[in-house]
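Quick mapping for you: the protein sequence lines, in order, are chains P and Z. Per this note's numbering, residue 167 is the first one in the first sequence, and the count goes up by one each step. Per this note's numbering, residue 167 is the first one in the second sequence, and the count goes up by one each step. Don't be surprised by glycine CBs; every beta carbon is placed ideally from N, CA and C. Quantities reported herein were computed from a predicted structural model and do not represent experimental measurements. For reference, the structure is listed below as structure tokens.
There are 2 protein chains.
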Amino acid sequence: MAEDMPDPISFDLTTSPGHLLHRAQQFAADRFGEAVATSGLTQRQFAVLSATHAREGLTQTQLVMATGIDRSTLAELVARMVRNGLLVREKLADDARANAIHLSEHGRQLVEGATVGAREADAAILGALPISKRKSFLKMLKRIASTLESGEASEKRARDLAKEKTKKKKAKIKAQAQAATPD
Amino acid sequence: MAEDMPDPISFDLTTSPGHLLHRAQQFAADRFGEAVATSGLTQRQFAVLSATHAREGLTQTQLVMATGIDRSTLAELVARMVRNGLLVREKLADDARANAIHLSEHGRQLVEGATVGAREADAAILGALPISKRKSFLKMLKRIASTLESGEASEKRARDLAKEKTKKKKAKIKAQAQAATPD
Chain P
167 MAEDMPDPIS FDLTTSPGHL LHRAQQFAAD RFGEAVATSG LTQRQFAVLS ATHAREGLTQ
227 TQLVMATGID RSTLAELVAR MVRNGLLVRE KLADDARANA IHLSEHGRQL VEGATVGARE
287 ADAAILGALP ISKRKSFLKM LKRIASTLES GEASEKRARD LAKEKTKKKK AKIKAQAQAA
347 TPD
Chain Z
167 MAEDMPDPIS FDLTTSPGHL LHRAQQFAAD RFGEAVATSG LTQRQFAVLS ATHAREGLTQ
227 TQLVMATGID RSTLAELVAR MVRNGLLVRE KLADDARANA IHLSEHGRQL VEGATVGARE
287 ADAAILGALP ISKRKSFLKM LKRIASTLES GEASEKRARD LAKEKTKKKK AKIKAQAQAA
347 TPD
């Protein structure tokens, strides 16, 4: 029967985790946008301000851990937020490479104002689920975020390692070529 | 004790459904982007092409139902995809207002090529969850999408109704003013 042979190129949006995640996130983002509209903050900016509010003076590495935003995206985001006067960078005396990140007064006012709205948006999301399912739902989202995240990190490590190998190989060939060339 | 009095402006990202949904979606979108990179399609474009592939000749209203994309966003998206040669619009003889939407040959090739990648991305997402939890996770995402969606729709209806009332009131006042004015 035709039904036993699935169309090799058919795709069911109604059971696609990627599509459903995108839809759920879209509406959650709209809700967040409405709830914090006066602040003009994006979800990402709010996450950075909120993590800094909870732990003033943290480093960029600690911000990566606290927000789950990948390192390069976070670096750009923080730089922009420093330029826009939401964050302040302070050189750490004991580590020339690291900066302590603080809220500016404007950043503090924005995040404190937006927190009520962010909580409302969160309540609307959870409100869509039976109480008994909420904890498990959050746990699953965390698993997805951290699994895909570490997958990407390990893929990046593999790419970096491959690059490193190629580089060493090239250096070796170059060294051999130089050794073989008479002076 | 201080622990009994939560900071009124503290916000815990690690238990925020909005933040976790954003993180999970971010990584899922990255994964999708890598998997379908050669097609250059966004998740939304893929959803529209995929729904059209499953049901050639559907109307814009049917596309809203199939993709869960809100009506005004979808209208813009379809218009752009028609301009870019991914979709083709065909006037329906029996309804002057409605159009039947079809894939162009280019659109068909793109969506068929991207389907394998989209399936891989979906497998990576679900792979992060225990098998026993997957069905329930999809169900919860659907509930969130449709609850927030219908909430927004009913808010919009309320706003439209309020506008309509104001309009009627103004028209009434105008009519009364005209009636009161001697010829």
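CB of residue i within 8 Å of CB of residue j, strictly
i	j	result
residue 286 of chain Z	residue 194 of chain Z	no
residue 240 of chain P	residue 230 of chain P	yes
residue 276 of chain P	residue 266 of chain P	no
residue 268 of chain Z	residue 278 of chain Z	no
residue 270 of chain P	residue 253 of chain P	yes
residue 291 of chain Z	residue 190 of chain P	no
residue 219 of chain P	residue 300 of chain P	no
residue 205 of chain Z	residue 289 of chain Z	no
residue 245 of chain Z	residue 233 of chain Z	no
Local conformation of residue i per DSSP, three classes
i	result
residue 264 of chain P	strand
residue 252 of chain P	coil
residue 258 of chain P	strand
residue 199 of chain P	helix
residue 224 of chain Z	strand
residue 240 of chain Z	helix
residue 187 of chain P	helix
residue 207 of chain P	coil
residue 295 of chain P	coil
residue 167 of chain P	Only weak support is given to the placement of residue 167 of chain P: the predicted model assigns it a pLDDT of 42, under 50, and the value that follows is read from those uncertain coordinates. Reduced to three states, the DSSP call for residue 167 of chain P is coil.
For residue j and residue i, believed in contact at Cβ under 8 Å, the rounded distance
i	j	result
residue 197 of chain Z	residue 187 of chain P	Residue 197 of chain Z to residue 187 of chain P, Cβ: 11 Å. No contact.
residue 303 of chain P	residue 306 of chain Z	5 Å
Subject >> Three-pair Cβ contact test at 8 Å for the region 176 to 184 of chain Z versus the region 271 to 290 of chain P >> reply: yes
Original post:
Is the region 292 to 299 of chain P in contact with the region 203 to 212 of chain P, if contact means three or more CB pairs nearer than 8 Å?
Top reply: A contact between stretches requires three or more CB pairs, one per stretch, nearer than 8 Å, and the region 292 to 299 of chain P fails this requirement with the region 203 to 212 of chain P.
Subject >> Ranges of the alpha helix (DSSP H) found wholly within the region 271 to 295 of chain P, counting only runs of at least 4 >> reply: 271 to 293, all fully within the region 271 to 295 of chain P.
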